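J.:
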Amino acid sequence: MCKIPNVQLGIKDLNFTALRGKFIARLTDGREITIPVSMFPDIKEMSVKERNKWMILDDQYFTFENNSRVYSLLDLLKVA
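In the working numbering, the protein residues as written are 116 to 195.
(1) Which residue comes first and which comes last in the alpha helix (DSSP H) that contains residue 156?
(2) For residue 148, which residues from the same chain have a beta carbon less than 8 Å from its beta carbon, with the 5 sequence-adjacent residues on both sides left out?
(3) Go ahead and label residue 129 buried or exposed: buried means 16 or more other beta carbons lie within 10 angstroms of its beta carbon, across all protein chains shown.
(4) For residue 175, count the other beta carbons within 10 Å of its own beta carbon; 16 or more makes it buried, fewer makes it exposed. Which is it?
(5) Measuring only the C-alpha atoms, how far is residue 163 from residue 132?
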């Protein structure tokens with residue numbers, strides 16, 4: 116993976132258990148954004164256990180252990 120050009124913001128942490136039906140992305144600038152899980156149907160279909168096996172890639176992308184799809188920071192910002 117390579118960084119998105121001209122983007123200095125990154126993903127610091129993800130939390131899929133704090134809010135029912137939503138997840139929280141903590142960003143490197145200190146902001147937190149709350150995203151409805153329903154905006155990402157393939158994540159919604161995962162069990163809570165599967166959702167908790169996430170990995171951040173290059174600060175601007177994330178994926179899951181048993182999922183081949185890679186999501187970007189821009190994906191999150193489009194729906195937030």
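Positions of the beta carbon are idealized from the N, C-alpha and C atoms, including for glycine.
Quantities reported herein were computed from a predicted structural model and do not represent experimental measurements.
T.: The short version:
(1) 156–159
(2) 139, 140, 142, 191, 192, 195
(3) buried
(4) buried
(5) 8 Å
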